[in-house]
Amino acid sequence: GKVPVIAGTGETGTKLVVDATRHAQEVGADAAIVVTPYYLKPKDKGLYEHYARICGKTDIPIVLYNFPQLTGVSLTWTVVEDLVEEFDQIVGIKDSSG
Numbered sequence: 639g640k641v642p643v644i645a646g647t648g649e650t651g652t653k654l655v656v657d658a659t660r661h662a663q664e665v666g667a668d669a670a671i672v673v674t675p676y677y678l679k680p681k682d683k684g685l686y687e688h689y690a691r692i693c694g695k696t697d698i699p700i701v702l703y704n705f706p707q708l709t710g711v712s713l714t715w716t717v718v719e720d721l722v723e724e725f726d727q728i729v730g731i732k733d734s735s736g
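In my numbering, the protein residues as written are 639 to 736.
So, in structure tokens, the structure goes:
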């Protein structure tokens with residue numbers, strides 16, 4: 639049988655994440671896990687826009703990845719709820735906030 643592959647496509651900027659996520663899809667990944675941006679450290683609006691752009695420019699299922707101890711950014715439940723309501727492409731979340 640086939641083992642599902644979830645590719646980590648986190649990068650320093652949205653365009654790089656889109657490119658990495660498209661590549662993951664092209665090579666056959668089943669989904670992409672995308673950590674919050676860790677360089678510019680956006681607030682809620684910026685986090686929403688980051689993931690919205692990724693969803694708008696890719697077709698692969700997306701798993702949100704919240705790891706504030708590593709990134710310095712916390713993905714709030716308000717943002718998660720807004721994203722899930724807007725994008726069927728978001729299929730899960732990995733929350734490493736402790």
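All residues carry an ideal CB built from backbone N, CA and C; glycine is no exception.
Since we're looking at a predicted model, the values are computed, not measured.
Note down, in chain order, each residue of its chain lying with its Cβ closer than 8 Å to the Cβ of residue i, except the 5 sequence neighbours on either side.
i	result
lysine 679	Thr709, Gly710 and Val711
proline 642	Asp668 and Ala669
valine 729	Ala669, Pro699, Ile700 and Val701
For the beta strand (DSSP E) containing residue i, name the first residue and the last one.
i	result
isoleucine 728	728-733
glycine 646	644-646
leucine 685	Premise fails: leucine 685 lies in the alpha helix (DSSP H), 682-695, not in any beta strand (DSSP E).
valine 672	669-673
Might you give, ordered along the chain, the residues of its own chain that have their beta carbon closer than 6 Å to the beta carbon of residue i, omitting 5 neighbours on each side?
i	result
tyrosine 677	Thr650
proline 706	Ser712 and Ser735
Quick one, are the C-beta atoms of residue i and residue j less than 8 Å apart?
i	j	result
threonine 716	valine 656	no
leucine 702	valine 665	no
isoleucine 692	threonine 652	yes
alanine 662	alanine 690	no
leucine 654	tyrosine 686	no
Can you list, in chain order, the residues of its chain with a C-beta nearer than 7 Å to that of residue i? Leave out the 5 residues immediately preceding and following it.
i	result
alanine 658	Thr647 and Glu649
isoleucine 698	Thr659, Ala662, Gln663, Ala667, Ala669 and Ala670
isoleucine 731	Val701, Leu702, Asn704 and Val718
threonine 714	Asp682
Considering residue i, what are the terminal residues of the alpha helix (DSSP H) in which it resides?
i	result
leucine 708	706-709
leucine 654	652-664
leucine 721	715-724
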